[in-house]
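So the sequence lines, in the order shown, correspond to chains Z and L. Just so you know, the first sequence maps onto residues 0 to 360 in numbering that gives the first Met the number 0. Just so you know, the second sequence maps onto residues 0 to 360 in numbering that gives the first Met the number 0. All C-beta atoms, glycine included, are put in the ideal place defined by N, C-alpha and C. Comments concern the structure below.
2 protein chains.
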Amino acid sequence: MMQTRTIHLGPLAIGGASPVSIQSMCNTDTGEVENSLQQIERLRALGCDIIRLAVPSAAVLPAFGQICDRSPMPVIADIHFDYRLALGAIDAGAAGIRINPGNIQDESGLRQVARAAAAAGTVVRVGVNLGSLSPRMEAQYGRSAEAMVQSALEYCRFFTEEGCQALKVSLKASSLPLTVAANRQFAAVSDIPLHLGVTEAGTAVSGSIKSAIGIGSLLLDGIGSTIRVSLTAPPEEEVRAALRILAVLGLRQNGPELISCPTCGRTRIDLIALATAVEDELARFAAAGRKLPWRKIAVMGCEVNGPGEARDADIGIAGGKGKGLLFKHGKIVRVLPESELLAALRAEMEAASQASDRAAP
Amino acid sequence: MMQTRTIHLGPLAIGGASPVSIQSMCNTDTGEVENSLQQIERLRALGCDIIRLAVPSAAVLPAFGQICDRSPMPVIADIHFDYRLALGAIDAGAAGIRINPGNIQDESGLRQVARAAAAAGTVVRVGVNLGSLSPRMEAQYGRSAEAMVQSALEYCRFFTEEGCQALKVSLKASSLPLTVAANRQFAAVSDIPLHLGVTEAGTAVSGSIKSAIGIGSLLLDGIGSTIRVSLTAPPEEEVRAALRILAVLGLRQNGPELISCPTCGRTRIDLIALATAVEDELARFAAAGRKLPWRKIAVMGCEVNGPGEARDADIGIAGGKGKGLLFKHGKIVRVLPESELLAALRAEMEAASQASDRAAP
Numbered sequence: 000m001m002q003t004r005t006i007h008l009g010p011l012a013i014g015g016a017s018p019v020s021i022q023s024m025c026n027t028d029t030g031e032v033e034n035s036l037q038q039i040e041r042l043r044a045l046g047c048d049i050i051r052l053a054v055p056s057a058a059v060l061p062a063f064g065q066i067c068d069r070s071p072m073p074v075i076a077d078i079h080f081d082y083r084l085a086l087g088a089i090d091a092g093a094a095g096i097r098i099n100p101g102n103i104q105d106e107s108g109l110r111q112v113a114r115a116a117a118a119a120g121t122v123v124r125v126g127v128n129l130g131s132l133s134p135r136m137e138a139q140y141g142r143s144a145e146a147m148v149q150s151a152l153e154y155c156r157f158f159t160e161e162g163c164q165a166l167k168v169s170l171k172a173s174s175l176p177l178t179v180a181a182n183r184q185f186a187a188v189s190d191i192p193l194h195l196g197v198t199e200a201g202t203a204v205s206g207s208i209k210s211a212i213g214i215g216s217l218l219l220d221g222i223g224s225t226i227r228v229s230l231t232a233p234p235e236e237e238v239r240a241a242l243r244i245l246a247v248l249g250l251r252q253n254g255p256e257l258i259s260c261p262t263c264g265r266t267r268i269d270l271i272a273l274a275t276a277v278e279d280e281l282a283r284f285a286a287a288g289r290k291l292p293w294r295k296i297a298v299m300g301c302e303v304n305g306p307g308e309a310r311d312a313d314i315g316i317a318g319g320k321g322k323g324l325l326f327k328h329g330k331i332v333r334v335l336p337e338s339e340l341l342a343a344l345r346a347e348m349e350a351a352s353q354a355s356d357r358a359a360p
Numbered sequence: 000m001m002q003t004r005t006i007h008l009g010p011l012a013i014g015g016a017s018p019v020s021i022q023s024m025c026n027t028d029t030g031e032v033e034n035s036l037q038q039i040e041r042l043r044a045l046g047c048d049i050i051r052l053a054v055p056s057a058a059v060l061p062a063f064g065q066i067c068d069r070s071p072m073p074v075i076a077d078i079h080f081d082y083r084l085a086l087g088a089i090d091a092g093a094a095g096i097r098i099n100p101g102n103i104q105d106e107s108g109l110r111q112v113a114r115a116a117a118a119a120g121t122v123v124r125v126g127v128n129l130g131s132l133s134p135r136m137e138a139q140y141g142r143s144a145e146a147m148v149q150s151a152l153e154y155c156r157f158f159t160e161e162g163c164q165a166l167k168v169s170l171k172a173s174s175l176p177l178t179v180a181a182n183r184q185f186a187a188v189s190d191i192p193l194h195l196g197v198t199e200a201g202t203a204v205s206g207s208i209k210s211a212i213g214i215g216s217l218l219l220d221g222i223g224s225t226i227r228v229s230l231t232a233p234p235e236e237e238v239r240a241a242l243r244i245l246a247v248l249g250l251r252q253n254g255p256e257l258i259s260c261p262t263c264g265r266t267r268i269d270l271i272a273l274a275t276a277v278e279d280e281l282a283r284f285a286a287a288g289r290k291l292p293w294r295k296i297a298v299m300g301c302e303v304n305g306p307g308e309a310r311d312a313d314i315g316i317a318g319g320k321g322k323g324l325l326f327k328h329g330k331i332v333r334v335l336p337e338s339e340l341l342a343a344l345r346a347e348m349e350a351a352s353q354a355s356d357r358a359a360p
């Protein structure tokens, strides 16, 4: 695996050794500046790094320009069909544009876009979608991962010839194995950063699963510089799902990770309620910007999977037969009635957070 | 990747060219036979193939035996610490036992278990958990994927020497990269089928994401013969999450796949509501055992991602500006008012399902 080049989307570095960034897309009308900016601010607070907006017509370009000026994060224009909208978005101050050259048939128009992006330092994401491969590529390579990779490489050469170095590539198919295969093949032959996403992922629940497998398996192999979880759901859900993927892979810390064992016939406490209560508590701490000095918190249902199996956790609670345990790094520090477990953990969280605050400069 | 050997868990084949099977674990008291069987029946109806029950003490063995006799799917005994419980479960008619030799210190006891399993044809899952590696393995290989793999291989040799061929292996760590690395390494050197799972996965939402990445990325590479999604949630949720993983990977068909595009600024219809309504409709069809002759159904939000991008779908609907499209294989078959889209799709589902029923023998 070669390390990718680093590109800059406004102030944000993508690729190279930069952290994997999270992207989402406004579902507001781009023409409605305040609405859009409010949504962008909500997404930023949740952990979103990059925002994309549709530019469906020239009429929204003035509003798009205002959003670019005022957005707290880099703005990307989503362009389809018409190269003049790409020129307009570059002109309006987009940090990046996302185009699918396969649906812009006008080659001289595309050349103008490349030159304008190179001149303005605008990042270009070259999107290749199995659904919009050129007939020539499809004839030569079939509807395959290779056709997607060869398409992307050809478009990247085209943009590079016109002076664009700040390129990203996305390769998508509604088939997960094909999406993963195409991204692996591309990463093996190019140093251009990859934007990972699974197209037409589906509703919040099934789409999150599909995206987790597609994006997660690539990230596990060190492939992917920026991600978007596409869901048929509000963009806030996309950001939450993206954060969960990065968190479970250890790529983004958003407070301590909660680990908990599955329920089974040995469980004698209401583990689901307890784990959910701890999860809520962690979310409240994160939302309030409060830090905890722990990497992992464990909620375990019995002595079998208790302190021993969770010894990687900085702190944890386990329920036994009527009694509860509070443990740190696998060592039991308190035995207490089961009903006091949650309160005891809360007290530890409070104390640890206050100690962290005092230690901070 | 070598193909694994095929083993038989009761009538169910695991490994080789067999479909990937789904496992869950009762959270009932094993001593309560009727309760446990009712939960098993609910899980079976959802798509579960294998059920595991805790055997925490000899007192539950008579009840466990009755459950084995009456269960509509193979039953596995979950054993910890005490080899005599494993002997009791084999005697009671378990199709398989799950043991973690790392937490059974008694080597001669373990040998008795191996001989009893070999004599009874009971499948043995050798569970290796990073949390319960032997001190010797940890000293030699560290707390690493290699230590987990070498532990598993050593235990498998031990069981093989006593005549057990029907072995499965699970390799788990609460770290996802370590879990995936250990399973990949094991699959490269052994033909013993792997049971995939991510330990201490977490609550329903974050646990599903963690399991989807861990289990899904291995399945994508052709690794894994049977899976369990461990959640701190009712086992029904585990089976649903497992089905989703298999479905998005094309490994299990549970009615047509729903694909839908993300919402964006171009969307002029309530795509979330529409996709959710179609998802509910598909769930109702599946629950009623009704078949649809389609692989994919698409719900698209606009003309950009509409019929063209969803041309892999057998049927789909797309919303535009006030008007709706019904399309089949990318070709528009009807233009109709947006408000009639869902009803039109429902009518197509009814007609197609009835035609399927007539065609069935």
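Query: What's the call for Z:I90, buried or exposed, on a 16-neighbour Cβ count within 10 Å?; Result: It should be noted that the sequence gives Asp, not Ile, for residue 90 of chain Z. Z:D90 is exposed by the Cβ-count criterion.
Query: Hey, L:A94 and L:I75: beta-carbon distance below 8 Å or not?; Result: yes
Query: Given a threshold of 16 other Cβ atoms within 10 Å of its Cβ, counted over all protein chains shown, does Z:E237 qualify as buried or as exposed?; Result: buried
Query: Determine the closest residue to Z:Q38 out of Z:P10, Z:P55, Z:R69 and Z:L11, with distance taken between C-alpha atoms.; Result: Z:R69
Query: Determine the closest residue to Z:A180 out of Z:E256, Z:A146, Z:T159 and Z:L242, with distance taken between C-alpha atoms.; Result: Z:A146
Query: Quick test of the definition: if touching needs 3 or more C-beta pairs under 8 Å, does the region 157–164 of chain Z touch the region 112–119 of chain Z?; Result: yes
Query: Tell me whether Z:P61 sits in a helix, a strand or coil according to DSSP, three-state version.; Result: helix
Query: Output, in chain order, the set of chain L residues within a Cβ distance shorter than 7 Å of Z:A241.; Result: In chain order: nothing, as chain L lies at least about 10 Å away.
Query: Identify, in the order they occur along the chain, each residue of the same chain with its Cβ nearer than 8 Å to the Cβ of L:P255, setting aside the five sequence neighbours on each side.; Result: L281, L291, W293, R294, K295, I296 and D313
Query: Answer yes or no: does any C-beta atom of chain Z fall closer than 8 Å to that of L:R97?; Result: no
Query: Measure from the C-beta of Z:N34 to each C-beta in chain L and report whether the shortest distance is under 8 Å.; Result: no
Query: Please go through the same chain and pick out, in chain order, the residues whose beta-carbon is closer than 8 Å to the beta-carbon of L:V19, but skip the five residues on each side of it.; Result: L218, G223, S224, T225, I226, L245, L250 and R251
Query: Under 8 Å, Cβ to Cβ, is there at least one residue of chain Z near L:N182?; Result: no
Query: Can you say whether L:A317 is buried or exposed, counting buried as having 16 or more other CB atoms within 10 angstroms of its CB?; Result: buried
Query: Would you call Z:E278 buried or exposed, if buried means 16 or more other Cβ atoms sit within 10 Å of its Cβ?; Result: buried
Query: I need the DSSP call for Z:L230, collapsed to helix, strand or coil.; Result: coil
Query: Which residues does DSSP pair with Z:S169 in a beta bridge?; Result: Z:G126
Query: Is the distance from the Cβ of Z:L270 to the Cβ of Z:G300 below 8 Å?; Result: yes
Query: Go ahead and label Z:E347 buried or exposed: buried means 16 or more other beta carbons lie within 10 angstroms of its beta carbon, across all protein chains shown.; Result: buried
Query: Is Z:A256 helix, strand or coil when you go by DSSP?; Result: The identity of residue 256 of chain Z in the sequence shown is Glu, whereas the question assumes Ala. Looking at Z:E256 - three-state DSSP - the assignment turns out to be strand.
Query: In whole angstroms, what is the alpha-carbon distance linking L:E31 and L:E40?; Result: 14 Å
Query: Is the region 165–182 of chain Z touching the region 123–132 of chain Z, taking contact as three or more C-beta pairs under 8 Å?; Result: yes
Query: Could you check what DSSP says for L:I98 in three-state terms: helix, strand or coil?; Result: strand
Query: Run through chain Z and tell me which residues come within less than 9 Å of L:G307, C-beta to C-beta.; Result: N102, G130 and S131
Query: Candidates L:S56, L:C67, L:Q22 and L:Q65: which alpha carbon is nearest L:D81's?; Result: L:S56
Query: For L:G319 and L:R333, I'd like the C-alpha separation in whole angstroms.; Result: 13 Å
Query: Using DSSP with H/G/I as helix, E/B as strand and the rest coil, what is L:K209?; Result: helix
Query: Relative to chain L, which residues along the region 147–173 of chain Z have a C-beta separation below 7 Å, given in chain order?; Result: S173
Query: What residue ranges within the region 174–209 of chain L form continuous alpha helix (DSSP H) runs of no fewer than 4 residues, ordered along the chain?; Result: 175–188
Query: Closest to Z:P361 by CA distance: which of Z:H7, Z:I21 and Z:T275 is it?; Result: Here chain Z has residues from 0 to 360 only, and residue 361 of chain Z is not among them.
Query: In three-state terms, what does DSSP make of Z:L42?; Result: helix
Query: Can you look up Z:F326 in the DSSP assignment and give me helix, strand or coil?; Result: strand
Query: For a cutoff of 8 Å on Cβ pairs, would you count L:P360 as touching chain Z?; Result: Per-residue confidence for L:P360 stands at a pLDDT of 48, beneath the threshold of 50, marking its modelled position as unreliable; the derived number appears in the next sentence. No, its Cβ sits nowhere closer than 8 Å to a Cβ of chain Z.
Query: Within the continuous beta strand (DSSP E) that includes Z:M72, where are the two ends?; Result: Element bounds for Z:M72: n/a, residue is neither H nor E.
Query: Under 8 Å between the Cβ atoms of Z:P192 and Z:G46?; Result: no
Query: By how many angstroms is the C-alpha of Z:A309 removed from the C-alpha of L:T178?; Result: 15 Å
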